[in-house]
Each structure stands twice: as structure tokens, then as C-alpha cells.
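Student: Residue numbers for the sequence shown, in my numbering: 604 to 717.
For each residue, glycine too, the CB sits at the ideal point set by N, CA and C.
Take this structure first; my questions come after.
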Amino acid sequence: MTLEDEDLEILECADAATGEILAREGRLDAGVLDVMMPGLLDGLELCRRLKADPVLSGIKVLMVSARGHRNDVLIGRQAGADEYLIKPFSPARLAEQLHRWFDEPPPLQPDIAV
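And the structure:
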């Protein structure tokens with residue numbers, strides 16, 4: 604099973620700087636970021652930048668890492684990650700989280716008498 608099987612459009616980036624460019628081009632609804640990424644910008648810093656920017660702050664961030672200690676998860680959450688998955692995890696678990704964000708029906712609106 605891969606994410607391509609899940610009816611999700613996937614854009615892959617070699618590094619966080621490329622991910623930031625895609626976000627600024629308006630091409631992302633969510634980012635799956637590894638804490639440790641090649642280059643000068645790691646996943647935590649990219650997450651901080653996305654969440655600090657009013658235009659980009661709505662992008663959901665799923666942080667993934669082999670670092671699974673309680674403090675590591677806390678650091679990811681403090682950086683703004685909406686969810687934190689500890690490696691190893693199954694592709695099904697990753698797809699489940701993405702679908703949870705984007706496949707949920709909108710909240711019910713209360714009936715309003717006119």
C-alpha cells in the first residue's frame with residue numbers, strides 16, 4: 604500500500620526548503636515533515652515557519668520521526684505540528700491521518716428559525 608493508492612495528490616521534496624517553496628506557491632494542503640531533513644532547514648523549523656505565517660498557518664503538518672521520546676513529541680507539538688507519528692509506522696496509519704483531516708464532513712450547523 605502506498606499513498607498514491609489513497610486518492611491523494613502527493614508532491615515529494617528532497618528537502619525542507621523545497622517544501623517551503625511549494626507551500627508559498629499555494630500547492631499544499633498538508634505537509635508530512637520528517638524532523639531530520641537534509642539541508643539547513645529541518646522539519647521542525649519549516650513547521651514553525653508555516654505556522655507563524657498567517658497565509659500558510661492553515662496547512663496541516665504531520666511530523667514524523669524516529670525520535671519518539673515524550674520530549675521529542677512535545678517539541679514537535681510546540682513547533683506547531685498538528686500530529687506527530689513515531690517511526691516505524693504503516694502507510695495505512697499515515698493515510699488514515701490524512702483522510703481524517705480531509706475526508707471529514709463539515710460540522711453540522713444548528714437549525715436556525717427564520
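So the beta strand (DSSP E) L653 belongs to, where does it begin and stop?
Tutor: Looking at the DSSP string, L653 is not in any beta strand (DSSP E); the run it does join, the alpha helix (DSSP H), is 646 to 655.
Student: Leaving aside the five residues before and after L611 along the sequence, list all residues of the same chain whose C-beta is less than 7 Å from its C-beta, in chain order.
Tutor: L701
Student: Work out the CA separation of C616 and S660 for me, nearest whole Å.
Tutor: 19 Å
Student: What are the boundary residues of the beta strand (DSSP E) that includes V667?
Tutor: 663 to 668
Student: Could you check what DSSP says for V658 in three-state terms: helix, strand or coil?
Tutor: coil
Student: Hey, could you find the ends of the beta strand (DSSP E) L636 is sitting in?
Tutor: 633 to 637
Student: Expressed to the nearest angstrom, what Euclidean distance is found between the alpha-carbon atoms of V658 and L631?
Tutor: V658 and L631 have their C-alpha atoms roughly 12 Å apart.
Student: Going by beta-carbon coordinates alone, are L647 and L636 separated by less than 9 Å?
Tutor: Against a cut-off of 9 Å, the Cβ pair of L636 and L647 comes out as a contact.
Student: Within the same chain, show all residues whose beta-carbon is closer than 6 Å to that of A682, passing over the 5 residues directly before and after it, in chain order.
Tutor: Residues of the same chain with a CB within less than 6 Å of the CB of A682, apart from the 5 flanking positions on each side, are L647, C650, R651 in chain order.
Student: Which of the three DSSP states, helix, strand or coil, is assigned to L701?
Tutor: helix
Student: May I ask which residues mark the beginning and end of the beta strand (DSSP E) holding E623?
Tutor: First-last for E623: 619 to 627, but that is the alpha helix (DSSP H), not the beta strand (DSSP E).
Student: Counting along the chain, where does the beta strand (DSSP E) carrying L688 start and finish?
Tutor: 686 to 689
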